[in-house]
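Enquirer: Residue numbers (the UniProt record's numbering): 1 to 257. Encoded as structure tokens, here's the structure I'll be asking about.
So this is what it looks like as structure tokens:
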């Protein structure tokens, strides 16, 4: 059997609606590893927010911060930081509009401001996280892999003057701020090249807006049944939901379990 690289989003994909991994998902991961496939997480979370899932599901390979960091066998093999000049300019522009921002290193996250904590809470609580602590000087002290900006779709067309950063919506009240040339898809391809796996042998599972490029790029992109129609349209396969054994059912159809 040809070795595959199989990438899984976390929220809405690996985890069910109760933020737990189904028994069928655990069994599928074990089978894929026994058969020699490279299994990786591909998430918008930082290592700080993904570490419990990494430990619980025994991942040694993981792509974090929407592709800004890549690890093979727990060793970092890819790094793509936000452009400092444009990040600083964006912070100023966001503050001028009373938009809160937060900044993500591998192992911590801090917010820059407190204009509307309720908006931040709604977004962060959606994946089980708390509102980050306040630290206005975080970006001066840490490598910043990703930022969060807390605004709704009314502001989507108001930040168009940047060519080194871009905005990917993941919640109705928040977007990820990522390197313009970065994505889960780009880092999956980078890791696949490092281990000698062809693009056609990449399989990815996802449900969110930040999974669309990954699903489109993969040899087989699998959208979860709980994904919105526009995300499902990017995939070559649509499976059942994250509560109804969607991962197991797709892998069975692909003859991998």
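We put the CB at the ideal spot given by N, CA and C, even for glycine. Predicted model only: the values in this text are computed from it and were never measured.
Give me the residue from 208, 52, 193 with the minimum Cα distance to residue 202.
Expert: Minimum Cα distance to residue 202 is reached at 193.
Enquirer: Can you tell me which residues form a DSSP beta bridge with residue 179?
Expert: Per DSSP, 165.
Enquirer: On a CA-only basis, which of 85, 93, 37 is nearest residue 155? Give me that one, please.
Expert: The residue with the shortest Cα to Cα distance from residue 155 is 93.
Enquirer: Taking one C-beta from the segment 21-31 and one from the segment 68-86 each time, how about it: are there three or more such pairs within less than 8 Å?
Expert: No, the segment 21-31 is not in contact with the segment 68-86.
Enquirer: Tell me where the beta strand (DSSP E) around residue 202 begins and ends.
Expert: From DSSP, the beta strand (DSSP E) with residue 202 extends over 202-206.
Enquirer: For the pair the segment 165-173 and the segment 54-65, tell me if three or more CB-CB distances fall below 8 Å.
Expert: The segment 165-173 is not in contact with the segment 54-65.
Enquirer: Figure out for me which residue from 60, 20, 205, 22 has the closest Cα to the Cα of residue 38.
Expert: The residue with the shortest Cα to Cα distance from residue 38 is 60.
Enquirer: Which residues share a DSSP beta bridge with residue 100?
Expert: Its beta-bridge partners are 150.
Enquirer: Give every residue of the same chain whose Cβ lies closer than 8 Å to the Cβ of residue 3, excluding the five residues on either side of it in the sequence, and list them in chain order.
Expert: So the list reads 36, 37, 38, 197, 201, once near-sequence residues are dropped.
Enquirer: How many Å lie between residue 178 and residue 65 at the Cα?
Expert: Distance between the alpha carbons of residue 178 and residue 65: 8 Å.
Enquirer: Quick check on the DSSP output: what are the complete alpha helix (DSSP H) runs of length 4 or more inside the segment 57-134, in order along the chain?
Expert: Fully enclosed alpha helix (DSSP H) runs of 4 or longer: 84-96, 117-125.
Enquirer: Which residue from 33, 253, 185, 88 puts its Cα closest to that of residue 206?
Expert: When only C-alpha atoms are compared, the closest one is 185.
Enquirer: With DSSP collapsed to three states, give me the class of residue 215.
Expert: Of the three classes helix, strand and coil, the one that applies to residue 215 here is helix, per DSSP.
Enquirer: Just to confirm my understanding: we take residue 259, look at its own chain, exclude 5 residues before and 5 after, and list those with CB closer than 6 Å. What are they?
Expert: The structure shown does not extend to residue 259, since the chain is modelled only from 1 through 257, so no value can be given for it.
Enquirer: What residues in its chain sit with their C-beta under 6 Å from that of residue 70, if we drop five residues either side in the sequence?
Expert: Excluding positions up to five away in sequence, the list reads 63, 77, 78, 187, 191.
Enquirer: Rounded to the nearest angstrom, how far is the Cβ of residue 103 from that of residue 162, given a contact under 8 Å?
Expert: Going by Cβ atoms, the distance from residue 103 to residue 162 rounds to 16 Å, so no, they are not a contact pair.
Enquirer: I need the straight-line Cα distance from residue 234 to residue 216, nearest angstrom please.
Expert: Taking the straight line joining both Cα atoms gives about 5 Å.
Enquirer: Could you check the C-alpha separation between residue 114 and residue 249 for me, to the nearest Å?
Expert: Roughly 44 Å separates the two Cα atoms.
Enquirer: Buried or exposed, going by whether 16 or more other CB atoms sit within 10 Å of the CB of residue 232?
Expert: Under this definition residue 232 is a buried residue.
Enquirer: Can you determine whether any heavy atom of the ligand GTP sits closer than 8 Å to the C-beta of residue 57, and answer yes or no?
Expert: Of the ligands one can find in the structure shown there are none, so the ligand GTP has no counterpart to examine.
Enquirer: If you follow the alpha helix (DSSP H) that residue 138 is in, where does it begin and where does it stop?
Expert: Segment 138-141, the alpha helix (DSSP H) holding residue 138.
Enquirer: DSSP three-state label for residue 223, please.
Expert: The answer is strand: DSSP assigns residue 223 an E or B state.
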